[in-house]
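Numbering (our numbering), first residue to last: 1128 to 2135.
All residues carry an ideal CB built from backbone N, CA and C; glycine is no exception.
All figures in this text were calculated on a predicted structure; none of them were measured in a lab.
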Amino acid sequence: MLNQLGVPDVPSLKALRKTQEELTKSIGIPTRAKQSPRGHVFYQNGVADLLAMDWANPEVRPHIQIYPVESKKVTDAWHAEKVLRDLKPEEQGPMWADDQKHYYIGELAQLRDGQLIVPLRWFQQEQNGDVYGEGILVTHDPIRNILHTDRSVLRFKTGELLMNWYEVHDQDFAVPFIEPMPETVYPGPNPLRAIAKGRRMYTCYIKPWGDDVSGNRSKQYNEHTNIYFAHANLPHEKLSQEYFVRFCSTSPHASAGEQFDTMVADNITEKRWHVAYDCLVKEEILFRVIPANLPADNPQQSELCSHVGLKGNFWCRVCHLGGTEKERETDENYHQHFTPGRPRTPAETRSAVIEQITVSAFGVQETVTNLQRLSGVKDKLAEYWVQKCISRSRSIQQQRIHNHDTRDTRLNTVRTRDRPALVKEIQQSIQTEVMDWLYTQPAHKYDSLPEDSRLSLRKQLRPGDHFSSLLTVETLDVHQDSTVEPLHTYLLGNDKYVWHHLHTPWTPAQYQLFALRLQSSSTDGLNIPPLQASYMIQYKNGLIGKHFKSLQQLAVFHLDESLCPQLVLDLCKATGELGALLWYHEIDDMEGYLADLTILIDNVLDIWALIDPKRIFVKAKLHILEHTIANIRRHGPAVLFSTEIFECFNAVFRLCSVLSNHQAPSRDIALTFADLERFKHIASGGWWKDQTGTYTCASTRVTRYFGEPSHQRRLGYSRRDLLDPASVKCPRKNQKKSVPWSATSAATSSLPASDSESQHQRGDWEALEWYEGTAVVSRHHDVCRVGSWVFADGPTEGRPVFGRIQQILRSSEDCAQTVDLVVLEQFEISNQRHPHYHMPAVHPLSVTQRIVLPLEAKSIIFLCNVQHNCRDANCEASGRRFRRQERLQSGVEEYFVEHKDDQHFILNMHAIHNASLLRKTLPRELCAPVQYLQDRRAEHDRLAATLRATQDAKRAKEKETRDARKAANTVAKRSAGAEGGNAAGQVSMDVQPESDGALHILYSADCI
């Protein structure tokens, strides 16, 4: 096309492809072939290579959080306990750099006041704030030339550091301690300095995700197992964009566990450091990779935890809850379903896996199955070798024990009473032989072991070769770090169960009534797609996450006695309350928040139990919700565990998949993603090392391409800072209409101006020419339009006002300074909750007239959602209108709900958007959760007794049915045998087991 347009010097397609390939290699995104222990071949892009690009990208590097942040507000992983407390200080961040002077943890340093100190960890007290250190004070005894300490801890700003270890050593202070010191305090320089060689050292956290995805854009399923990851040192605001999702590998054959094993081996080991170029300081650095958590759906998380899954007897991957059906019905066990149980540990799981592999070498499947059934542990990679060992052991046993021609000669002469002991001895030797064979498998991995490690690794089961390597990563607890994911556990779990239980008994008339009511909902302030109530009812059994999120926030406003019983309505209320808290983006008071969340989770589970006592067994996701509390404490807000962005990225994967001819899909797709990452890196101004070894970046004429918002959107990137608080959006110039002050809502109010508005200011406003705006941006970046409900700064400091935006005004640009006003119709929030909705009621300040308040645009704090109180206003679906189709009015009539007044409203406490701001603004008594059952244990015991009675009766009836069927089958067989008793040539077969375990088959035949 360029040639046809007459563009000069157009390169050939071959030259273009060659240049692209050279750039990809130069930037450093190698696509490497991998072979799993099961023999599957796939290709993988290096995690460390992709993380290094973030450090070299000026669009990303400023947002990378290096140190943990110790603050009351929790918004990201670096605020939570795993990064802040559970990881070792050297894993959090081993050093702090003052330009070219580096300070390491565990080595002697000196403060500016002359105090000697040994830093133990680095942290910040606010994001992008000063870096602090925490260390033990040290005193130098000049007479004995020794150091001693009383272990007292001092917190200090890193700016107070004066000398690092080398400078202290030059001052002859680096002498031995008189007291024994912990391993984390070194007598000399930190050993990491030898690895760093003058380079800075940091830690990168990742969130790897895996799942099965179709590689086709059509409905035909083409299964691929994909691995993506996100750089968890970036804030959630960035990680919720597709630009920051990174592709690692895919395979139609290898499972997620197999691909994770190679990822761990190449990137996530304690002593493996990777080189990157830090574009802020313009020098090379080193970083290591630590997994923060494992977001995925529940079946995938069970696989990564080496867990048997949701269908096993012990079906919780996090704790040891479970047992047989009758065991679960006991009072104690039943109550445990409503609380977190004894936690599983990686060491315990690893021991169980090794035991299963060891036992499998005896060749008895039932023994392994029983171990899996009793522990709930089943490792997918280990299961592959378990079956290999069982098959191999049985084959050898057949040869040495059962086959008369080839068996051990001692079996031919041994006495009967000594035979079992001899058989056991032979079986033990076979087990040892099978295990010795297993240690050498897989052959390609065994042969690649370093020579110096052959002796230590050749006689043991190796992680990554024989069982999941995730069980041995020191910085990862697969059970506690496989976080409860809101999409699959709550929206597609509890919300889906509630919706099914709610609508199943409905008649067609009730479906139509609910659809009309739901369509009348106000969605302003919810940040959800437009409601399609008729679609949701038509495909009621095929809804997806976004539909359940809408129902969770709105359904309760349209339910009454005509649609559901009170207990189901209470369940819908509890579901909405819990959903609003689960989607918090920031937590100001962790303990208070978790206490509220615990009550709401308890309420949901308790109401489910009252509706159906057995539901907690049938739906494992209900119990898994209990572990959300520990996950949030350890990792931060639950939205950090969301997988929606990874699910959205599947669309990008499919676009790359369809470009492959599927002869080598893993390789083709990995190379395509490597090219995509190369383009993103160059276009956004990233640095890379050229052929001369010099770091370079693209010119501004190239990076200008990325500056266009339309181009950023195509790459899945968005800059939220484009929305400036207090900014007003107006119509286009040709659609603008000037409005005199006298025609505005504020001027026509019958009441005088508020106390905050001086007469002089009002006079100035009256002299200006005004234009009506369409939207205003709140302090928290909400787009508020006319009719939106907002909280704003009022005339009295510290007391926000609440109301509905009636008009948005902007003064003419001809005046010296543009003035932006928002005319707010004031409403009052009741000091009591509505008895039906259990939410605050909203009503006007005056019933007879509207009270409006002109405010500057900067006064708008945040947007919220308010629903009309149709129950008290007796609103009905009595309106009729023509349905709009193709943006035009059609000739098809439809009914709609007519709101009978403008006085009755309810403040939506189930709204997810700005839920935390809403609860901080309202009085505690209007939003504090209330326990549904006061004596939960007593009620659970009563439900367990009821369940035992019903289940015993059910089991007795099932046994009676089985016995009757068995008796009928016996009679039928006897009848059939009598009829065929005279048949000629009848052959009977009798199977008799011998004492050696062999099966001898005896045949008899009746001759004619």
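Span of the alpha helix (DSSP H), counted from its first residue to its last, around residue i
i       : result
Arg1444 : Careful: Arg1444 lies outside any alpha helix (DSSP H) and carries neither H nor E.
Ile1412 : Per DSSP, Ile1412 belongs to no alpha helix (DSSP H); it is in the beta strand (DSSP E), 1410-1418.
Pro1216 : 1216-1219
Ala1722 : 1717-1738
Phe1800 : 1792-1810
Trp1292 : 1292-1297
Alpha-carbon to alpha-carbon, residue j and residue i
i       : j       : result
Gln1646 : Gln1483 : 56 Å
Ser1649 : Val1855 : 23 Å
Arg1781 : Ile1154 : 25 Å
Thr1923 : Pro1740 : 52 Å
Gly2147 : Val2098 : Outside the shown range of the chain (1128 to 2135) lies residue 2147, about which nothing can therefore be said.
Phe1387 : Trp1400 : 19 Å
Leu1498 : His1615 : 29 Å
Arg1320 : Glu1718 : 40 Å
Tyr1822 : Glu1410 : 9 Å
Asp1913 : Ala1968 : This sequence places Val at residue 1913; Asp is not what is there. If you take the alpha carbons of Val1913 and Ala1968, they lie about 21 Å apart.
Arg1344 : Leu1798 : 20 Å
Val1495 : Ala2083 : 31 Å
Met1770 : Leu1177 : Reading off the sequence shown, one finds Thr at residue 1770, where the question assumed Met. For Thr1770 and Leu1177, the distance between alpha carbons rounds to 20 Å.
Gln1953 : Arg1937 : 20 Å
Phe1684 : Glu2087 : 48 Å
Glu1459 : Tyr1573 : 48 Å
Ser1433 : Gly1439 : 13 Å
Leu1686 : Arg1761 : 37 Å
Ser1367 : Ile1772 : 6 Å
Pro1692 : Leu1737 : 13 Å
Buried or exposed (CB count within 10 angstroms, at least 16 for buried), residue i
i       : result
Glu1350 : exposed
Ser1487 : buried
Asn1758 : buried
Gly1260 : buried
Leu1129 : exposed
Tyr1348 : exposed
Gln2058 : exposed
Thr1158 : buried
Leu1724 : buried
Pro1246 : buried
Val1504 : buried
Asp1622 : buried
Tyr1624 : buried
Phe2009 : exposed
Residue span of the beta strand (DSSP E) that contains residue i, given as start and end
i       : result
Tyr1329 : 1327-1341
Cys1911 : 1910-1912
Met1222 : 1222-1225
Gln1171 : 1168-1172
His1995 : 1993-1995
Ile1978 : That residue, Ile1978, is in no beta strand (DSSP E); it is neither H nor E in DSSP.
Where residue i falls: helix, strand or coil (DSSP)
i       : result
Trp1564 : helix
Ile1094 : Outside the shown range of the chain (1128 to 2135) lies residue 1094, about which nothing can therefore be said.
His1358 : strand
His1630 : helix
Cys1783 : helix
Pro1692 : coil
Pro1303 : coil
His1401 : strand
Ser1345 : coil
Gln1242 : coil
Ala1757 : helix
Ser2017 : strand
One or two residues paired with residue i in a DSSP bridge
i       : result
Ser1575 : According to DSSP, which records beta bridges pairwise, Ser1575 is partnered with nothing at all.
Pro1938 : Correcting the residue identity first, residue 1938 is Ser in this sequence and not Pro. Ser1938 is bridged to Trp1897.
Glu2025 : Glu2003
Tyr1822 : Lys1816
Glu1968 : According to the sequence shown, residue 1968 is Ala rather than Glu. The partner list for Ala1968 (beta bridge, DSSP) reads Ile2033.
Glu1983 : Leu1948
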